[in-house]
Amino acid sequence: MKRMLSGGLTLGTYLIALIYFFPVFLMLITGFKLEGQAAIMPPTLWFTPTLDNFDLVWNSGAAKFFQHSIIVTLGSTFFAMLLGVPAAYALAMFRLKRADDILFWFISTKMMPVIAAIVPIYLLFRNLGLLDTLAGLILMGIAMNVPLVIWMMRSFFKEIPYDLIEASQVDGASGWVGFIKITLPTVRPGLISTALLCAIFAWNEFLLGVSLTYTNAATMPVYMATFMTQEGLFWAKMSAVATISVLPAMVLGWFTQKQLVRGLTMGAVK
Amino acid sequence: METVNKQVITAKPDRSTERRKSHFKPPVKRLMLPSIIFVALVTQIPFLITLYFSLHQWNLMRPDLGRAFAGFANYKQLLTSASTWSVIQNTFVLTVGALLLCLMMGMAFALLLNRNFFAKGLVRTMLITPFFIMPTVTGVIWKNMILDPNFGFLAYLSQQLGAGPVEWLTHHPLLTIMMMIAWQWTPFFLLVLLAGLQSVPEDAIEASMLDGAGKAGQFIHVTLPHLLRYIEVASLLGIIFIMQEFGLIYVTTSGGPGYASTNLTFQVYRTGFQGWDIGGASAVGVIIVVLSVLMMTLLFKFLRRTFQGELS
């Protein structure tokens, strides 16, 4: 009886997972179908996969926007780490009088909706010539990710045993050398998962992209939105673009599963 | 990492005093100031400018009128127009509705995953994948392939069952968007709650078993109290992000029909980037900030408590 119940629960779990995943699954397979097969209901699972759609959308624009997304993601992640990691280190390692306030301020910037600042940012960008540039988007992406880096890295730094830090500082080497040679390698798993999480957020960011770019710096989410309005009826092509758009973040997400909780809750839960 | 983690536990109690005694002088300012200045410059200063603009009459479509100080005219206009109130109501319904859906489904999924069964990793991966899908793709796929009243998968299903197709996005725009948001955000709740379930102390469970508590009693008296903190964290962060939903609305309904699915965030975009009414959009932005601050103050107490462990 008990075994049957357990088996039933497991079966139910499989079923729920299949239903929940279905939209993603449909997208993933439809991109490999011919346009004629794509809209047939129920969706057929037996078909000869073709790369034509991917070829077509890649060469008719997607490649450019994909490149923009890559540059913006890498740029904003790299600089957010560069700014955030030292600050997180200072907050975790040294007894600071106002550490609480500083941390709280960082988390509050994350809670304030970007949209409330977007109009002045747009106008400033227009005046500074940053509108529709990759540099502008990277700049904003850094600001979005720095608080996340600080929160996450701080909790990783706090786990380093103190002896190790002291060892890294005493043997005459300058503080920086010890920091780079001993401290950073110790928190490598933390660095990697923080960077990956930043990358996922930067990759999927849409509000800034759609408000601050047109064509020269538009990213994949923006391209996806315009593509939809133009060719939403061509499911195979649409699915191909969608698949290209989500693949990087999806794969990174699969790899960071274990560290995700800590990053998403900004360290409040491990 | 294993060994490092073990050392942490023994090193923990008096680390802060030890640290104070240490003899190297840390360049704290040089480490912290760049990030503080940068984030303040990019995110805080524009807020102040928004506040300033909201007191002005300024439409980019009418350069002839220029920019003129208008006092609280924008606010007066906003607060007396019916659309503003429906937008605020939409934001509230969307956020609370999606949050409840996420909590219920996230809890159910977490309980299902907190067992041992074959291919558990794969199942978990399938359940959390929607979280990594960018909102614009979620919207596009759902709108066209699942919900389309003529060609969508749901239309096919209801046809098989002999029911008529439902025009999801035209007739139930808010509810439909709420479901899509729940689809995207449930994985987040699942992950946090699962982390909670997996950290229920073993001895508490054993003790309750010795007391003769059944599975249900155990859940209510041991698991749930432990989960409370996790539920708080998930809800708090969920509210913050769900309230700002934008991409999904942009690609599915563009806030329509009328204002039926416009939330506050999308309203700023409509006013600012479609109507080019800088003053009006800024005023909506300020209202968002006021509401967020209000909410954050309400949540402040437990916010502090929630992040206290981290802040100490």
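Line by line, the protein sequences are chains G and Z.
FYI, the numbering for the first sequence is 1 to 270, going by this note's numbering.
FYI, the numbering for the second sequence is 1001 to 1312, going by this note's numbering.
C-beta atoms are modelled at their ideal positions from N, C-alpha and C, and glycine is treated no differently.
When the Cα atoms are used, what is the spatial distance from residue i to residue j?
i	j	result
Val57(G)	Lys237(G)	7 Å
Trp1334(Z)	Pro1130(Z)	Lying outside 1001 to 1312, the shown extent of chain Z, residue 1334(Z) is not represented and no answer is given.
Val149(G)	Val1137(Z)	26 Å
Ile1240(Z)	Leu45(G)	40 Å
Ala1195(Z)	Leu196(G)	20 Å
Thr183(G)	Arg95(G)	18 Å
Ile160(G)	Lys97(G)	21 Å
Ile1181(Z)	Val1192(Z)	17 Å
Ser60(G)	Pro189(G)	39 Å
Ala202(G)	Gly141(G)	6 Å
Phe156(G)	Ala167(G)	18 Å
Val261(G)	Leu83(G)	23 Å
Phe1069(Z)	Gly1280(Z)	13 Å
Ser1035(Z)	Lys110(G)	14 Å
Pro274(G)	Thr1271(Z)	Residue 274(G) lies beyond the residue range present for chain G, which begins at 1 and ends at 270; the question has no answer from this structure.
Tyr1269(Z)	Ile115(G)	8 Å
Gly8(G)	Tyr1156(Z)	28 Å
Pro43(G)	His1172(Z)	26 Å
Leu1298(Z)	Glu1202(Z)	34 Å
Gly129(G)	Val222(G)	20 Å
Could you tell me whether any non-hydrogen atom of the ligand ZN is closer than 7 Å to the CB of residue i?
i	result
Thr1253(Z)	The model depicted lacks the ligand ZN and carries no ligand whatsoever.
Short of 6 Å in beta carbon distance, which residues of its chain neighbour residue i, apart from the five on each side in sequence? Order them along the chain.
i	result
Thr226(G)	none
Gly1097(Z)	Met1178
Ser1083(Z)	Tyr1259
Lys1143(Z)	Thr1252
Asn216(G)	Asp132
Ala87(G)	Ile150
Gly263(G)	Met152, Leu197
Met1061(Z)	Trp1276
Under 8 Å Cβ-Cβ, which residues of chain Z neighbour residue i?
i	result
Trp58(G)	Those within 8 Å of Trp58(G) in chain Z number zero; the least Cβ separation is about 16 Å.
Phe206(G)	Met1134, Pro1135, Thr1136, Phe1246, Gly1247, Tyr1250
Phe125(G)	Simply none; closest approach about 10 Å.
Ile150(G)	Ser1035
Pro49(G)	Correct list: empty, because the minimum Cβ distance to chain Z is about 18 Å.
Met1(G)	Near Met1(G) there are no residues of chain Z at all, since even the closest Cβ is about 14 Å away, more than 8 Å.
Leaving aside the five residues before and after residue i along the sequence, list all residues of the same chain whose C-beta is less than 7 Å from its C-beta, in chain order.
i	result
Met1145(Z)	Gly1152, Phe1153
Met1295(Z)	none
Ser1022(Z)	Per-residue confidence for Ser1022(Z) stands at a pLDDT of 48, beneath the threshold of 50, marking its modelled position as unreliable; no derived number is given.
Met27(G)	Ser239, Ala242, Thr243
Gln1267(Z)	Val1087, Val1284
Asn53(G)	Gly31, Ala236, Lys237, Ala240
Leu134(G)	His68, Ile71, Val72, Ala217
Leu1248(Z)	Pro1135, Thr1138, Gly1139, Ile1177, Met1180, Ile1181
Assuming residue i and residue j are in contact, meaning their beta carbons sit under 8 Å apart, how far apart are those beta carbons, in whole angstroms?
i	j	result
Thr265(G)	Leu1237(Z)	6 Å
Leu1197(Z)	Leu1227(Z)	7 Å
Thr10(G)	Ser239(G)	Their Cβ separation, rounded to whole angstroms, is 31 Å, which puts Thr10(G) and Ser239(G) out of contact at 8 Å.
Gln1218(Z)	Ile1231(Z)	At roughly 18 Å, the Cβ-Cβ gap does not stay under 8 Å, so Gln1218(Z) and Ile1231(Z) are not in contact.
Ile1288(Z)	Pro185(G)	So it is not a contact: roughly 43 Å between Cβ atoms.
Gly136(G)	Leu252(G)	The Cβ separation is near 24 Å, so there is no contact.
Phe1132(Z)	Phe206(G)	So it is not a contact: roughly 14 Å between Cβ atoms.
Pro120(G)	Thr1265(Z)	Not quite, the Cβ-Cβ distance comes to about 16 Å (not below 8 Å), so this is no contact.
Pro1187(Z)	Ile1128(Z)	4 Å
Ser1282(Z)	Phe1053(Z)	4 Å
Phe1117(Z)	Thr219(G)	Not confirmed; about 39 Å, so no contact.
Compare the C-alpha of residue i against each of the options and name the closest.
i	options	result
Val1028(Z)	Met112(G), Ile102(G), Leu252(G), Ala17(G)	Ile102(G)
Ala1119(Z)	Gly36(G), Ala135(G), Ala17(G)	Ala17(G)
Tyr1250(Z)	Leu1055(Z), Ile1088(Z), Met1134(Z), Gln1044(Z)	Met1134(Z)
Lys258(G)	Arg1124(Z), Val1042(Z), Cys1102(Z)	Arg1124(Z)
Leu1100(Z)	Gly1280(Z), Ala1234(Z), Gly1214(Z)	Ala1234(Z)
Tyr214(G)	Phe25(G), His68(G), Ala117(G), Thr194(G)	His68(G)
Met41(G)	Asn1263(Z), Asp1148(Z), Thr1091(Z)	Asp1148(Z)
Thr77(G)	Ile165(G), Ala62(G), Gly178(G), Ala143(G)	Ala143(G)
Leu74(G)	Gly263(G), Thr194(G), Val210(G), Met224(G)	Thr194(G)
Val146(G)	Gly178(G), Phe106(G), Ile180(G), Phe179(G)	Phe106(G)
Met81(G)	Ala199(G), Pro221(G), Met220(G), Ala63(G)	Ala199(G)
Met302(G)	Ser6(G), Arg3(G), Ala63(G), Ile19(G)	Residue numbering for chain G in the displayed model covers 1 to 270; residue 302(G) lies beyond these limits and cannot be assessed.
Leu123(G)	Gly1214(Z), Trp1085(Z), Val1200(Z), Phe1273(Z)	Phe1273(Z)
Could you tell me which chain Z residues have their CB closer than 7 Å to the CB of residue i, listed as they occur along the chain?
i	result
Ser245(G)	Met1134, Val1137
Val261(G)	Leu1191, Val1192, Ala1195
Give the residues of chain Z in contact with residue i, contact being defined as C-beta atoms less than 9 Å apart.
i	result
Pro23(G)	Pro1130, Ile1133, Thr1138, Ile1141, Trp1142, Met1145, Ile1146, Phe1153, Trp1183
Ser211(G)	Tyr1269, Gly1272, Phe1273
Trp235(G)	Asn1144, Met1145, Phe1151
Which same chain residues, not among the five before or five after residue i, have their C-beta less than 8 Å away from its C-beta?
i	result
Lys158(G)	Ala92
Leu164(G)	Ile182, Thr183, Thr186
Ser1208(Z)	Gly1217, Gln1218, His1221, Val1222
Counting only Cβ pairs nearer than 8 Å, list the residues of chain G close to residue i.
i	result
Ala1281(Z)	Val119
Report the neighbours of residue i on chain G: residues whose CB is nearer than 7 Å to its CB, in chain order.
i	result
Ile1288(Z)	Pro113, Ile115, Ala116
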